[in-house]
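One structure is given below, encoded as structure tokens.
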Amino acid sequence: MKITFYILFFILAINVQAQTIFLGDIKTKEGIDGAVISLQSLKSNRAINLVTENGKIDLSSDWLPALVSVNHLSYEPLVDTIFSLDQFIYLHPSKSFLNEVVVTGQFSPQSVRNSVYQVRTIDQHRIKSQGATNLQTVLQNELNMRFDRDNALGSSRLNIQGISGQNVKVLIDGIPVVGRSGVANEIDLSQLNINSIEKIEIVEGPMAVMYGADALAGVINVITKKSSGKNLELNVTLHEETIGREYSLFSDGIHNPYLQLGANINDQWYLRVEGGINYNGGWQGDSEGRDKLWHPKSQNIAAGLLSYTSEKFEVFYRSDYLHEVITDLGQEVRLELRDPYALDEKFISSRWMQQLQAEWRLAEKSIINSALSFTNYERISKPFTKNLLTLQEDVSFNNMDTVFYRSLFTRNTFLQKLGQHEMQLGMDATLETAGGTTLSSGAKYLNDLGVFLSAELQIGKVKIRPGIRHTFNSVFETTPTPSINLKYDFSKKLSLRLGYGRGFRAPSIRELYHEFIDTNHNLIGNPNLQPEYSNNFNGDLAFQVTPAWQLNLAGFYNQINNRIAILLPEQADRPWTYTNQDQFKTTGFTIRSELGWKSLTMQTGFAHTGRFQLLSEEHEFLPGFVFSPEINQNMTYSLDQFGLSISSFYKFTGAFQDYRLIENVPQLRQINPFHWLDLTATKSIGNYLDITLGARNLLNITAVDNNMPGGVHSGNQDGSAAIANGRSYFVRLNFNLNLD
Amino acid sequence: MTNKLSYLNISSLLVALLVFISACEQEESLPPFNVNFANQEIGVTASTAIEVVFSRAAANDGEIVLQMNSGNLQYGEDNDFYTLPAAVDQQITLPFIAGDNKVSFEILAGTGLNIQQDETITFSLLNDVNGTFQTGQNETVTALFGENFVAREGTLEMNGGGEEQPNQVYVDLSKLATAVVDKKSWDFGFYSGEKYRVVLNSSAYVMARPLNKTDITAVTAQDTVGFAAAMQIPQFSPAFGAIAWVDSEDGDLEKTAFGEIAADVSNAKVFIVKRDGNWKKVKIAQQGNDYSIQYAGLGSDIIFNTTVSKDDNYNFSFFSLDDGEVSIEPAKDQWDIMYGTYTVGFPLQGTLIPYGFKDYVVLNRSGVSAAVVMESDIIYDEFDAADAESLTFSNDLNVIGSSWRSLGAGPGGAPPALNDDRYYVIKDAAQNVYKLKFTRLVSTTGERGYPEFTFDLVSK
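Chains A and B are the protein sequences, given in the same order. Sequence positions in the first sequence follow this note's numbering and run 96 to 835. Sequence positions in the second sequence follow this note's numbering and run 775 to 1234.
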């Protein structure tokens, strides 16, 4: 059936492309406009200059054969001889990394080079070439980003700059993602749809002025595709992957089919619909019987976009839907007098996020941006008895846990340009409702309103961006959060950025209203919690050695006050609760190099991140910080004449160390370091099909030694920390059909 | 193309329809469930319940019919025995409704019962005429009337009362009998043996901490500053030394929180007792062959004073600070193991802290001993009397403890699981030796507090 599809579209596509010279981007395959093509006929010595429109030029065949030279500012020049007219010519983007346009934290889209923030980007080509099936796979290769795995729920906890993921704001097109879950109290990145990502922008350090609460350690902004140069675009992806050595056609392993359809209805309207399944059969590993070490997980995802663009006005509506089921399979119970059965549990999450965003260009110098979004997130855990003879599922006693979050969000900004300067005034508001069985009874409301003002002033070679936000919250008090960033260009090649920012993390609904009471636990939320505040200092020096070689040296220092932690009460009849008590600090530096040389692009980096040791306050001989190194190197080698590119993704994650009290004596305990390596190769077959083959986790990491002491419920009773499920292999077919 | 598409549509519809029909048929043709007596034999006392268990919950209403064979005994309330519901023409009909997992009936001794020797009656399950269920291996149960009943095998589900396990369950293996009490209905046990010792109710997490005072009237809330934070179960700060204020879980009477009970009331120290969230001051001393106990609320001047006597039929005389003397444990020769929650010393940072365990099993201290056997050494089915002789039995009350299950990974983590790599050999006071294996940690619907074990007589 699928093969029939391929053949069908193949035939259609070839018919459409006949009789033109088509000029496209080597990666996106999209047509390039405004390229200058100089043609010299080898037959008649005539010459002509043509400019591409929609990536095409029309030419009569009496020019052939001809020598062509192609020039475009953003692409490497190309000289070739053509003998026929139905030609595809693909250009390589010129390897300058600084012309990339970013939006996160910006007043309006601008190049990385001009941004006062250091914005890291990961584009869809990188995601595709890595064959990534979730965001974690991509991000764990980045410096200063670490994950640790929660095997029970199959999710991963993120750390940025040594700070936990609940201090990271996760955005889709600038709109906060709703649905913090689990003990880690953070957004589960595996629940974001990786297929609709055009690129990911990451800013480390607080972005509280623009994004408000929780943008303390950083912001991860997922940017989706909103327009296309093609009239009609169909994209079908099939991703098949082993999980360790486990794979079968329908159950074990990863099976991810995905379909995307985009259409320019007319010059103004663009429509996009997409959907698919992410199926992960779980990992048996060493466990025996039905029970799997990693639980099977299945996600159904769907998304749609409708956008309207005119000269003065742009608006888009986007809808993202996720339904996820994780199944914890219990062992088979065989009792003499009973049918064989198992106690299974399903964790069902669903998120529906809708957003409407608009931009009005009132005048050349005034722009209004508005965003409105509504998200409904629910999570249910449902234990049930499965009769293994009749396969009936019986939820026969009431032990379901449910939690829901509903959030209405709006952000409105007004941008005014005054000569070289810009000023932005904005407000945002969030109305959040939550409830559930793990919270104290009754629906919880958490409303906040933020106003913010910032400006970007260009004074000679210096760009200064001061900003301030004040937030009014219905539950807790806040104080204004200022920030100031500046950028100084020593020359076109060397620039320095310095920044100070104050950030805050709002107490989560869980911390405010959690309720967990049983024989050995009496833990309740604290509705009087105050936000955590941070001060962050950062700086970086960017040096463009050549147009295709960029070096960057960066450093940071974060200090968090009022950190929310669990308090042991003085009096026995009082429950445990959360209070603002500790302080925490992290510091570190990174060195990054991005190099493009002929067919090779190479990113190399080193990071050294230190985490504060609270015990050093009482034990003077302990160091204040314990540091851990990271090294990464991502390489891509393109052999365009064969339509082939080969990539490698490597990261070394240093030991995670902490001083812990062991029999009242501080001891350095650690989770061991590990190396990670992925290798992939992508081959284009014709213009419609890309095949990617890859080996993930070539070094076959499953778990590393961990001698961190656990509590009474020691999560690491076997002395190891789960990392991954061993060396896996994948194949990814990407069929792409474009109609102009 | 349109034709092709519609052809595809029609054929996929047909396939869907077929799948739907076959799914429906599957629903109809569920295999019959098995019905079994929970046990193959049972000793009858004044009234005894007999359970018929289903291999799965019934999908529809129905009834079970039993054939009775009463042997030499006469049926009837005024005769030897009768049943509830009553037998008609030697048959008992037990209705059930959809969703039921089991049905039961009762055998009761009649007023005319006067037997000179052991007598038995048998009940047999009849197959369902409609084929919705069939009889399994325990098709027949033999009920024995007489003093000498010793169960040769059995399966028992503990009634812990649910997730929080509010019950203590006392089990008599040889009689296949359980007795359930509310764990919060008592505070202290006064030892009936020669020594003068008092134990705390470790199932209800009672704690006792001595003061350096002997005059109970002189004790006020002032004496307990800081006690609230320290006297906790669990107590995650080892520095408090809270383990001293609970009894040792191995049952050693030399390691109780109260210690040796003073012979003279003037030397007896006052203890601060924490029980289910409220606080008392308590002073216990010997009084002749008995115990004297004085107690009051923390700030109260009204001191209760009473005497507790030893009773040799029981391990302890049980006492509640609310209700005075109460009846808790069965007589000391009428139970073997207790199931419920328990206070256990748990090592944290190298020091023991008191921690509340669920699903804990302790032995009766009067003549019951036990040993652990790993399946990897001898598998359960092959374990026999000769193997039992080479075992070393221990009298520590916590020989079984929580070792039959794993600890969970805490909130949100992996739940505790059955350790099916081991079983236990238990010798009761009458020298009956049983092997006992836990078959479930939770109920068949996954609820904590209803484990099940099965046991077999190894030697008499």
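Idealized CB from N, CA, C, for every residue including glycine. None of the values given here were measured: they were computed from a predicted structure.
| Check | Outcome |
| --- | --- |
| Three-state secondary structure (DSSP) at A:F751? | strand |
| Since B:L804 meets chain A, which of its residues come closer than 9 Å, beta carbon to beta carbon? | L484, T485, Q487 |
| Starting from B:V809, trace the beta strand (DSSP E) in both directions and tell me its first and last residue. | 807-811 |
| In terms of alpha-carbon separation, which member of B:M1112, B:P1128, B:L1122, B:L1165 lies closest to B:S1140? | B:M1112 |
| Return helix, strand or coil for B:I1076, following the three-state DSSP convention. | coil |
| Got a sec, what are the start and stop residues for the beta strand (DSSP E) B:Y1113 sits in? | 1111-1122 |
| Find the residues of chain B that neighbour A:N759, judging by a C-beta separation of less than 9 Å, and give them in chain order. | P1012, A1013, Q1123, G1124, T1125 |
| Starting from B:F964, follow its DSSP beta bridges and name the residues at the other end. | B:V972, B:S1091 |
| Closer than 7 Å, CB to CB, is B:N1193 near chain A or not? | no |
| Could you tell me which chain A residues have their CB closer than 9 Å to the CB of B:V827, listed as they occur along the chain? | L432, R433 |
| Taking C-beta to C-beta, are A:S825 and A:E336 nearer than 7 Å? | Contrary to the premise, residue 825 of chain A reads as Phe rather than Ser in this sequence. Yes, they are a contact pair. |
| Mind checking who A:D120 pairs with in its DSSP beta bridge? | A:L186 |
| Which complete beta strand (DSSP E) runs does the segment 644-698 of chain A hold, if anything under 3 residues is left out? | 644-662, 671-692 |
| Any C-beta of chain C within less than 7 Å: which residues of the segment 405-428 of chain A qualify? | Going by chain labels, chain C is absent from the structure shown, which instead holds the protein chains A and B. |
| Hey, is A:T480's beta-carbon within less than 7 Å of any beta-carbon in chain B? | yes |
| Give a yes or no on whether the minimum CB-CB distance between A:L438 and chain B is below 7 Å. | yes |
| Output the distance between the C-alpha atoms of B:D1230 and B:Q1205, rounded to the nearest integer angstrom. | 14 Å |
| Taking the straight line between their C-alpha atoms, what separation do you get for A:N464 and A:A702? | 37 Å |
| Do three or more CB pairs link the segment 443-450 of chain A to the segment 418-428 of chain A at distances below 8 Å? | yes |
| Taking DSSP as the reference, what is the three-state secondary structure of A:D835? | coil |
| Can the beta-carbon of A:L329 be found closer than 7 Å to that of A:L832? | yes |
| Compute the beta-carbon to beta-carbon distance between A:Q450 and A:S405, rounded to the nearest angstrom, for a pair I have assumed lies under 8 Å. | Their Cβ separation, rounded to whole angstroms, is 20 Å, which puts A:Q450 and A:S405 out of contact at 8 Å. |
| Within its chain, find whatever has a CB closer than 6 Å to the CB of A:L238; leave out the 5 residues flanking it on each side and keep chain order. | T685, G700, A702, E725, N727 |
| Determine the DSSP secondary structure at A:E440, reduced to helix, strand or coil. | strand |
| So what's B:D993 in DSSP terms, helix, strand or just coil? | Here the sequence assigns Val to residue 993 of chain B, which means Asp is not the residue at that position. Coil, per DSSP. |
| What first and last residue would you give for the beta strand (DSSP E) that runs through A:S590? | 589-600 |
| Just to check my reading of the structure: B:I889 and B:N843 have Cβ atoms closer than 8 Å, yes? What is that Cβ distance to the nearest angstrom? | That belief does not hold up - the Cβ atoms of B:I889 and B:N843 are roughly 17 Å apart, past 8 Å. |
| Among the residues of its own chain, which have a CB less than 7 Å from the CB of A:S723, if the five just before and after it don't count? | T704, G749, A750, F751, Q752 |
| Determine whether the Cβ of B:L1215 lies closer than 7 Å to any Cβ atom of chain A. | no |
| Tell me, please, whether the CB atom of B:N901 is closer than 7 Å to any CB atom in chain A? | no |
| Could you give the DSSP three-state label for B:D1155: helix, strand or coil? | helix |
| Where does A:E335 sit, in a helix, a strand or coil, going by DSSP? | strand |
| Between which two residues does the alpha helix (DSSP H) carrying B:Y979 extend? | Premise fails: B:Y979 is in no alpha helix (DSSP H) and is neither H nor E. |
| So if I threshold CB-CB distances at 7 Å, which residues from the segment 706-726 of chain A count as touching chain B? | none |
| Under a CB-based cut-off of 7 Å, is B:R926 close to chain A? | no |
| Give every residue of the same chain whose Cβ lies closer than 8 Å to the Cβ of A:I818, excluding the five residues on either side of it in the sequence, and list them in chain order. | R244, F769, I796, T797, A798, V799 |
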